[in-house]
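Following: one structure in structure tokens, then a few remarks.
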Amino acid sequence: MELDRRNVIGGSLALGAAALVGEAAEAAVPEQVLFAHPPAFIPVVGTNQRFQVRRIYCIGRNYALHAIERGSDPNREPPFFFEKPTDAIQLVAKGKTTDHPYPPMTKNYHHEVELVAALGKGGRNIKPAAALDLVFGYAVGLDMTRRDLQNAMADQKKPWEVGKSFDHAAVVSHLHPAAKLGHPSEAAIWLKVNGAVKQSSNLKNMIWSVAEQVAHLSEYFELKPGDIIYSGTPENVGPVVAGDVMDAHIDGIYDISVKVVAASV
Ligand code: MN
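Letter by letter, the sequence shown follows residues 77 to 341 in my numbering.
Given below as structure tokens:
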């Protein structure tokens with residue numbers, strides 16, 4: 077038995093040495109990335125710069141009247157967050173209506189117009205007074221939502237994932253740098269469907285300001301440059317169907333135009 081064990085140990089040492097030689101040989105060969113995919117970028121208005129998106133955070137129920145329509149108490153609940161996958165970004169350029177495919181598995185597809193804040197710096201445990209220093213710029217976005225799936229999951233106390241996280245679910249304009257735009261806190265925000273106003277409010281009606289959102293998020297996650305935050309939607313979210321055109325506006329940011337189209341089969 078003793079001999080056998082020594083043989084085994086000797087054998088594994090020899091194997092280890094062979095593995096080291098193998099690693100050294102492999103290091104000379106360029107690394108190959110399998111199934112590479114392009115990163116998500118948001119162009120910066122008026123520049124040739126592109127902002128690489130790292131994570132997409134979304135705040136829920138951040139306008140009192142929307143919180144009430146979703147069945148919660150707007151005065152009591154702390155902000156809560158969910159995420160969308162980075163490759164759910166759908167860019168909408170200025171002055172051009174962009175086709176947006178109606179997603180599968182839903183019969184109640186909702187618009188949510190939102191201010192999007194994009195971080196150029198990161199950190200942990202950021203104080204609200206310092207939080208806006210992290211914000212590089214802003215955009216107008218649509219947190220598109222399969223409401224029937226979200227509600228079904230919520231009823232079962234299951235994650236919202238299928239309701240919020242799917243291809244093209246993070247519609248967004250190009251970024252307006254805070255260096256030019258400032259940090260909007262009082263600005264009209266609205267969304268029209270086929271020319272009729274559906275959502276209309278003001279950023280001042282947000283329960284938690286962008287600074288407070290950043291501060292709160294940074295207690296749970298280390299924020300990094302490239303993170304973007306969908307800051308919640310005002311009341312009167314509602315359905316769209318194929319053929320509908322959504323126009324979305326926030327003062328100081330160019331309007332986006334998005335046409336819902338039947339998914340190609
Ligand atoms: Mn939302």
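C-beta: ideal position from N, C-alpha, C; glycine also.
Spatial neighbours of residue i within its chain, please: CB distance less than 8 angstroms, with the 5 preceding and 5 following residues excluded, ordered by chain position.
i           : result
residue 163 : 113, 116 and 243
residue 181 : 222, 225 and 238
residue 126 : 117, 118, 119 and 120
What's the gap between the Cα of residue i and the Cα of residue j?
i           : j           : result
residue 256 : residue 193 : 14 angstroms
residue 111 : residue 229 : 32 angstroms
residue 320 : residue 270 : 6 angstroms
residue 198 : residue 145 : 33 angstroms
residue 225 : residue 154 : 24 angstroms
residue 211 : residue 173 : 28 angstroms
residue 330 : residue 216 : 8 angstroms
residue 134 : residue 106 : 38 angstroms
residue 86  : residue 108 : Low local confidence applies: a pLDDT of 42 at residue 86 is under 50, so the model's placement there is unreliable, with the coordinate-based value given in what follows. Distance between the alpha carbons of residue 86 and residue 108 is about 34 angstroms.
How about residue i: is its C-beta nearer than 8 angstroms to some C-beta of chain C?
i           : result
residue 198 : No chain C appears in the structure shown, which is made up of a single protein chain.
Spatial neighbours of residue i within its chain, please: C-beta separation below 7 angstroms, excluding the five flanking residues on both sides.
i           : result
residue 338 : 178 and 318
residue 315 : 184, 185 and 186
residue 78  : Only weak support exists for where residue 78 lies, its pLDDT of 43 falling under 50; the value from the coordinates is given anyway. Answer for residue 78: no residue qualifies.
Nearer than 7 angstroms: is that true of the beta carbon of residue i relative to any heavy atom of the ligand MN?
i           : result
residue 122 : no
residue 219 : yes
residue 174 : no
residue 308 : yes
residue 190 : yes
Could you round the C-beta distance between residue i and residue j to whole angstroms and report it? I think they count as a contact, below 8 angstroms.
i           : j           : result
residue 223 : residue 239 : 7 angstroms
Could you give the DSSP three-state label for residue i: helix, strand or coil?
i           : result
residue 244 : coil
residue 215 : strand
residue 239 : helix
residue 290 : helix
residue 251 : strand
residue 201 : coil
residue 231 : helix
residue 223 : helix
residue 278 : strand
residue 323 : strand
residue 174 : strand
residue 268 : strand
residue 113 : coil
residue 335 : strand
Leaving out five residues before and five after residue i in sequence, what residues of the same chain have Cβ atoms less than 6 angstroms from its Cβ?
i           : result
residue 169 : none
residue 298 : 200
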